[in-house]
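Asks:
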Amino acid sequence: MSKYIHPQFLPDSAEECKHRKMAFVLELVLVLAILLGWWFVVDKRNHKKYPPGPLRLPILGNILQIAAQSPFPSIAFANLSKKYGEVMYLKMGMVSAVTFNSPQSVHEILSHDKTVERNRTMLPMIEARQYGQNLGIIFSSSEPWQKMRRFTIRTLRDFGFGKAASMDVAIAEELEKFTDHLKNLMSKDGVVQAGSETSSKTMSFAMLYLLTHQNIQEKVQKELDEVVGKGQEVTMEEKGRLPYTQAVVLESLRYSVVVPFPPARQASDDFYFHDYFIKKGAIIMPNLEAVHFDEALWGDPKNFRPERFLKKDMTINSELANKLVHFGGGKRVCLGQNLAESTIFVYFANILSKFQLVKVAGDPEPTTVPEQGMSYSPQPFRVIFKSRK
Ligand code: HEM
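Residue numbers for the sequence shown follow numbering that gives the first Met the number 0, so the first one is 0 and each next one is one higher.
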């Protein structure tokens with residue numbers, strides 16, 4: 000005798016199965032759409048007075064929109080800011096960030112009292128490097144940072160940093176070692192691999208720019224030959240008499256950026272930046288690269304044109320030079336600014352006084368597009384340092 004089966008428990012036909020699956024998928028999509036819509040409404044309401052920014056997705060935040068713009072976050076932010084405004088609220092995944100993308104807003108936020116603290120927890124590698132504590136200078140905050148910064152400045156001064164004469168001595172010693180090293184290399188194979196592992200990325204960039212702009216290199220050498228003498232030692236004392244060389248160094252700082260964002264600062268309190276609300280703990284990201292490539296400020300930022308820093312009377316346009324934010328700004332401005340500026344100038348001038356930078360025959364035109372990273376470095380390129388004597 001066959002067993003009675005209630006129709007509810009009879010197996011579905013293939014057609015019914017397909018319909019059921021489709022209905023389930025549709026229901027799921029509908030529920031997700033409602034949830035997402037609800038999320039957008041609540042998210043918008045919660046961020047009413049925040050700076051504008053693109054729509055944020057749950058969990059991912061704005062990561063997809065940023066990645067779609069450019070592999071370089073600084074360029075992605077600058078592009079997005081054209082649509083949303085110079086001050087933008089973004090979610091980097093779950094992390095709230097406010098990015099500043101115009102000369103005016105960047106200068107202002109770097110010196111703002113509420114953005115002196117840094118955030119060391121955003122990047123696990125930094126947190127690990129700090130042993131999870133408020134240590135060092137770069138990533139520390141509050142009192143330990145103040146004490147460490149004061150101590151470092153005092154100690155560097157005691158060693159003569161900041162005093163032109165003693166800095167000249169220290170830099171000259173280093174430079175001699177460097178030029179000797181170059182001369183040794185020249186006698187071996189005549190070619191130096193630059194850019195891949197260099198202690199000074201800015202210097203490497205400057206070398207790269209002059210390699211690709213031979214006319215500018217000639218002008219620097221003409222000035223050095225006339226003012227200091229061909230192949231002669233250049234010190235900080237001569238700086239004032241070398242405006243074109245100074246302008247080329249400034250243009251190299253502008254063009255290379257090297258540190259596109261300062262190590263993450265964070266809002267130490269809730270505050271208003273003009274009309275925009277910024278919540279305590281938000282990551283503050285002044286886009287230094289956006290300042291160095293701002294069209295309204297520079298006119299033709301994509302051209303490497305040192306003359307922009309020279310006034311008609313061949314003196315440096317210091318008002319324009321002060322717009323550079325290579326070293327950040329405000330209370331957390333780079334501690335090595337003076338040392339780095341002097342070193343770069345003296346190294347640069349001495350190398351060009353003694354050597355001609357020449358491309359290796361057959362090498363393709365080196366690119367000035369940097370290698371990505373927390374700081375930029377040039378992509379590896381080859382250069383011949385040809386003695387000028
Ligand atoms: C061309 C070379 C250099 C560049 C482009 C550079 C750039 C920067 C930038 C952008 C910052 C962040 C500033 C901010 O938050 O506003 C910084 C911080 C810092 N730099 Fe440099 N820097 C350079 C060389 C040096 C040198 C040579 C030293 C050491 C003598 C140094 C020591 C520091 C320190 C200790 C900080 C942290 C300051 C703080 O948080 O209080 N830098 N640098």
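A virtual CB, placed ideally from N, CA and C, is assigned to each residue, including glycine.
Is the distance from the Cβ of G177 to the Cβ of V248 below 9 Å?
Replies: For the purposes of this step, residue 177 is taken as residue 178 along the sequence shown, with counting starting at 1. For the purposes of this step, residue 248 is taken as residue 249 along the sequence shown, with counting starting at 1. In the sequence as displayed, the identity of residue 177 is Phe instead of Gly. Their beta carbons are not under 9 Å apart, which means F177 does not touch V248 by this criterion.
Asks: Have a look at R128 and N118 and give me their C-alpha separation to the nearest angstrom.
Replies: Position 129 of the sequence shown, counted from the first residue, corresponds to residue 128. Position 119 of the sequence shown, counted from the first residue, corresponds to residue 118. The alpha-carbon atoms of R128 and N118 are separated by roughly 13 Å.
Asks: Cβ of Q336 within 8 Å of any heavy atom in ligand 1?
Replies: Reading the sequence shown from its first residue, position 337 is the one you call residue 336. It does: the Cβ of Q336 is within 8 Å (strictly closer) of some heavy atom of ligand 1.
Asks: If you measure between the beta carbons of V86 and V97, is that distance less than 9 Å?
Replies: Stepping through the sequence shown from its first residue, residue 86 is reached at position 87. Stepping through the sequence shown from its first residue, residue 97 is reached at position 98. A contact, by the Cβ cut-off of 9 Å.
Asks: Does DSSP put R387 in a helix, a strand or coil?
Replies: Within the sequence shown, residue 387 is the residue found at index 388, counting from 1. If DSSP states are grouped into helix, strand and coil, R387 belongs with coil.
Asks: Applying the 10 Å Cβ sphere with the 16-neighbour rule, what's the burial state of S12?
Replies: Counting from one through the sequence shown, the residue named residue 12 turns up at place 13. Exposed, by the Cβ-count rule.
Asks: Determine the burial state of P10: buried for a count of at least 16 other Cβ atoms within 10 Å of its Cβ, exposed for fewer.
Replies: Within the sequence shown, the letter at position 11 stands for residue 10. The residue in question, P10, is exposed, as its Cβ has fewer than 16 Cβ neighbours within 10 Å.
Asks: Can you grab the Cα-Cα spacing for the pair K221 / N337, in whole Å?
Replies: By 1-based counting over the sequence shown, the position of residue 221 is 222. By 1-based counting over the sequence shown, the position of residue 337 is 338. Distance between the alpha carbons of K221 and N337 is about 26 Å.
Asks: Do the CB positions of N316 and V105 come within less than 9 Å of each other?
Replies: Residue 316 sits at position 317 when you count from the first residue of the sequence shown. Residue 105 sits at position 106 when you count from the first residue of the sequence shown. Not a contact, by the Cβ cut-off of 9 Å.
Asks: When you compare the region 28–43 with the region 221–234, are there three or more beta-carbon pairs, one atom per stretch, that lie closer than 8 Å?
Replies: The region 28–43, when compared against the region 221–234, does not touch it at the 8 Å Cβ threshold.
Asks: How many Å lie between L59 and F23 at the Cα?
Replies: As a position in the sequence shown, residue 59 is number 60, starting the count at 1. As a position in the sequence shown, residue 23 is number 24, starting the count at 1. Going by the C-alpha atoms only, they are around 26 Å apart.
Asks: So, at 8 Å on beta carbons, what are the nonlocal neighbours of V94 in its own chain, with the 5 sequence-adjacent residues on each side left out?
Replies: As a working note, residue 94 is residue 95 in the sequence shown. Only G60, M121 and I282 meet the Cβ criterion.
Asks: For ligand 1, I want to know if I136 counts as a neighbour, meaning its beta carbon is within less than 8 Å of at least one of the ligand's heavy atoms.
Replies: Looking up residue 136 in the sequence shown gives position 137. I136 Cβ: within cutoff of ligand 1.
Asks: If distances are taken between C-alpha atoms only, which option among S251, L210 and Y88 comes closest to F384?
Replies: As a working note, residue 384 is residue 385 in the sequence shown. That would be L210, whose Cα lies nearest to the Cα of F384.
Asks: Consider the C-beta atom of L249 and the heavy atoms of ligand 1; say whether any pair is separated by less than 8 Å.
Replies: Mapped onto the sequence shown, residue 249 falls at position 250. For ligand 1, not one heavy atom lies less than 8 Å from the Cβ of L249.
Asks: Would the beta-carbon of R441 be found less than 8 Å away from any heavy atom of ligand 1?
Replies: The requested residue 441 does not occur in the structure, where the chain is confined to residues 0 to 388.
Asks: Look up M313 in the DSSP assignment and say whether it is helix, strand or coil.
Replies: Taking the sequence shown and counting its residues from 1, the one referred to as residue 313 is at position 314. Note: M313 maps to coil in three-state DSSP.
Asks: So, at 7 Å on beta carbons, what are the nonlocal neighbours of Q265 in its own chain, with the 5 sequence-adjacent residues on each side left out?
Replies: Here residue 265 is taken as the residue at index 266 of the sequence shown, counted from 1. For Q265, where only same-chain residues beyond five positions count, the Cβ hits under 7 Å are E116, R117, N118, G280, A281, I282 and I283.
Asks: Verify the contact flag: R128, CB atom, against every heavy atom of ligand 1, threshold strictly below 8 Å.
Replies: Translated into positions along the sequence shown, residue 128 becomes position 129. For ligand 1, not one heavy atom lies less than 8 Å from the Cβ of R128.
Asks: Consider the C-beta atom of I343 and the heavy atoms of ligand 1; say whether any pair is separated by less than 8 Å.
Replies: On the sequence shown, residue 343 is found 344 positions in, with the first residue counted as 1. Under cutoff, so the answer is yes.
Asks: Taking the alpha carbon of P369 as the reference point, which residue from W297, F326, S341 and A205 has its own alpha carbon closest?
Replies: Locating residue 369 in the sequence shown gives position 370, counting from the first residue. Closest by alpha carbon: A205.
Asks: Under 8 Å: does the beta carbon of L252 sit that close to some heavy atom of ligand 1?
Replies: Residue mapping note: residue 252 aligns to position 253 of the sequence shown, counting from 1. Yes - ligand 1 has a heavy atom lying nearer than 8 Å to the Cβ of L252.
Asks: Out of A169, F276, S73 and G161, which has the shortest C-alpha to C-alpha gap to P259?
Replies: One-based indexing of the sequence shown puts residue 259 at position 260. Taking only the C-alpha atoms, the option nearest P259 is S73.
Asks: Going by other Cβ atoms of all chains shown within 10 Å of its Cβ, with 16 needed for buried, is S255 buried or exposed?
Replies: As a working mapping, residue 255 is identified with position 256 in the sequence shown. Its Cβ being crowded by 16 or more others within 10 Å, S255 is buried.
Asks: Contact check, E237 vs F308 under 8 Å by CB: the rounded distance?
Replies: Residue numbering aside, residue 237 sits at position 238 when the sequence shown is read from its first letter. Residue numbering aside, residue 308 sits at position 309 when the sequence shown is read from its first letter. Actually they do not touch by this definition, with Cβ atoms about 18 Å apart.
Asks: Taking C-alpha atoms, which residue in Y275, P51 and A360 lies nearest to I108?
Replies: On the sequence shown, position 109 is the one that residue 108 refers to. When only C-alpha atoms are compared, the closest one is Y275.
Asks: Applying the criterion that 16 or more other CB atoms from any shown protein chain within 10 Å of the CB defines a buried residue, is M313 buried or exposed?
Replies: Taking the sequence shown and counting its residues from 1, one reaches residue 313 at position 314. M313 comes out exposed.
Asks: My parser needs the beta strand (DSSP E) runs of 3 or more residues fully inside the region 116–161; what are they?
Replies: With a minimum length of 3 residues, no continuous beta strand (DSSP E) run stays inside the region 116–161.
Asks: Does the beta carbon of P379 fall short of 8 Å from some heavy atom of ligand 1?
Replies: Counted from its first residue, the sequence shown places residue 379 at position 380. Answer for P379: no, Cβ out of range of ligand 1.
Asks: Can you name, in chain order, every residue of its own chain whose Cβ lies under 6 Å from the Cβ of T197, other than the five neighbours on each side?
Replies: Translated into positions along the sequence shown, residue 197 becomes position 198. Residue placement at T197 cannot be trusted, given a pLDDT of 36 that sits under 50; the coordinates are not used to answer.
Asks: Where do the N-terminal and C-terminal ends of the alpha helix (DSSP H) with M91 fall, by residue?
Replies: For this step, residue 91 is matched to residue 92 along the sequence shown. From DSSP, M91 is part of no alpha helix (DSSP H) but of the beta strand (DSSP E) over V86 to M91.
Asks: Is the beta carbon of L174 within less than 8 Å of some heavy atom of ligand 1?
Replies: As a position in the sequence shown, residue 174 is number 175, starting the count at 1. For ligand 1, not one heavy atom lies less than 8 Å from the Cβ of L174.
Asks: May I ask whether a heavy atom of ligand 1 can be found less than 8 Å away from the beta carbon of H325?
Replies: Taking the first residue of the sequence shown as position 1, residue 325 is located at position 326. Checking the Cβ of H325 against ligand 1 gives yes.
Asks: Taking 8 Å as the cut-off, does the CB of G361 come closer than this to any heavy atom belonging to ligand 1?
Replies: One-based indexing of the sequence shown puts residue 361 at position 362. G361: no, Cβ never under 8 Å from ligand 1.
Asks: Can you check which of these residues, D224, F158, H180 and K81, is closest to E294 by C-alpha distance?
Replies: Along the sequence shown, one-based indexing puts residue 294 at 295. The shortest C-alpha separation from E294 is found at K81.
Asks: According to DSSP, is R331 part of a helix, a strand, or is it coil?
Replies: For the purposes of this step, residue 331 is identified with residue 332 of the sequence shown, where counting begins at 1. Reduced to three states, the DSSP call for R331 is helix.
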